[in-house]
Structures are given as C-alpha cells and as structure tokens.
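Below you'll find the structure, written out as structure tokens, and then a few comments.
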Amino acid sequence: MTRTTTAALAGVGPAPVPAWRGRLHLVAALVAVPAGAVLVVQAPTGARPAAAIYAMTLIGMFAVSAAYHRLTLSPAGKRRMKRADHTAIFVCIAGNYTLFAALSLAGVWQVVLTAAAWIGAAAGSATKLRRLQVVGGRADFWYQGLGWLGVLALPWLVGRLTASQIALLVGGGLLYTGGAVVLGRKRPDPWPLVFGYHEVGHALMLAGSICHYGVYLSLVQGT
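Numbering (the numbering used here), first residue to last: 925 to 1147.
Take a look at the structure:
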C-alpha cells in the first residue's frame, strides 16, 4: 500500500480510486453494441427506429460513464464529462421509454408516454446540470420520478404483458433504484481499493438494464 493510499484511507488527501472504477460500464458498452443490433434487426418494422434510439442511448450511457470514470482528465475536462455523464443517464431513460412504448402501447398512450419521457429527460437534465455538485435533492428526484413514470401505464399494460415481463420491468426498476441509493449513501463500500460503493451501484444499475433488455427482447421475439 502506498503512502498516498494510506493517507487517503486515513481521511487525509484524495480518496483512492478503486481498480474496477468504470470497468463494468466499459464492458457493458461493448456488449451493448451487438445486443442493440439484435433488437433492431428483430424488431417489427414500425418499431425499428425506436429500437435504434434505445440501442444508441444505452450504448451512449455506458460509453460516456466508462470514459468519465476511466480517463485521466483535466479539472475542466472532468466537469464536462460529468455533465455528459448525467445527461446521458436521462437520455437513456427516455430511450428506454421510446422502445417500451413502441412495443407495448399503441395510439395516444404510446405518444403520451414517449413525449412525457423526453420532456422529463430534458427537464431533469437541466435541473441536474444546474446543481451538478449537489448530491440528492430535487435534481436526483428526477431520476427516480422519470424512471418510475411507466407505472402510470400499468392499467393499459395488464393483458398486454406476461407476468414474467412485468416482474422483469419492476425488478429492473428496483435494481436501478437500489443502485441510486447505494451511490447516494456511499455504502456498502466492500473493497475501497478494488470494488467500492460506486462499483456496487453500477453493478445494480447494470443488472437493472439487463432485466429491461430481457423484456424488450421477449417483446420483439413474441415470447
């Protein structure tokens, strides 16, 4: 253990960066490319633009996160990447709703849910960028509020989705929320030098994205 690391763990100097910081999202970005292509190819013709939007926003979120957490940046560069990181999260949430609405809803409700998601993403992103250094509060409320927006469509989804699909949607949402809670509370922090609280939060959110991808894949395959 270096003198710098020892001092950091003792509360003096900058906190150590875990070895796994950003690696989960780097791998996720690479895997999301072929996974997204599968969805686009298998989606019904009318839903392919929505599938492409979802794939691009998912890849973008993981890629920006990986770059923000893995690259060595100047203070100004780090601020820019932090802004891009938070914006990419909101854009990805809207991308999820775009595909979900295209595959599971029709008519006015498809338009309403998609529009609400993108308007919410724009408002949430603007709020977060004004309060970039603030943890919690109104800015982070937008993440959770927008993420659970789909609950409003549940009455129209019963009968359209299977019990397994609904369970994956809800389970994925809970995993995302759990990840946000971990990042906000900064614990559990199991191995600060290797796999800390940030990696736990990223792992939970990655698991949530896998759950939701499973729903979309089952919808395009009709299973």
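Quick reminder that beta carbons are idealized off the backbone N, C-alpha and C, glycines included.
Bear in mind the structure is a predicted one, so any value in this text is a computation, not a measurement.
Residues that residue i bridges to, as DSSP identifies them
i	result
V1075	Its beta-bridge partners do not exist; DSSP assigns none.
W1115	F1119
V1082	L1085
Close-in-space but distant-in-sequence residues of the same chain around residue i (CB under 8 Å, 5 per side omitted)
i	result
V1118	P942, A943, W944
R1062	T1051, R1055
Test item: CB-CB of residue i and residue j under 8 Å
i	j	result
I1090	A1045	no
Q1034	V1144	no
G1103	L1128	yes
D1009	V1032	no
L1107	S1028	no
L997	M985	no
L948	E1123	yes
V957	I977	no
L950	R994	yes
G1048	Y1067	yes
Reduced DSSP category for residue i - H, G, I as helix; E, B as strand; rest coil
i	result
V1035	helix
L1130	helix
V1094	helix
Q1145	helix
W944	coil
Q1057	coil
A979	helix
A939	coil
P968	coil
K1052	helix
Contact set for residue i: own chain, Cβ-Cβ below 6 Å, skip 5 residues either direction
i	result
L933	Unreliable positioning characterises L933 in this predicted model, as indicated by a pLDDT of 47, which lies under 50. A coordinate reading is not provided.
A1041	A1018, Y1021
R1109	none
T981	V1015, C1016, G1019
L1093	V1139
Beta-carbon proximity list for residue i, same chain, < 7 Å, skipping 5 on both sides
i	result
V964	R972, A975, A976, A979
T1038	Y1021, T1022, A1025
M925	For M925, the predicted structure reports a pLDDT of 45, less than 50, and the residue's modelled location is therefore unreliable. The matter cannot be settled from this model.
>> Restricting to runs no shorter than 4 residues, where is the alpha helix (DSSP H) found entirely within the stretch 983-1033?
In response: 999-1028
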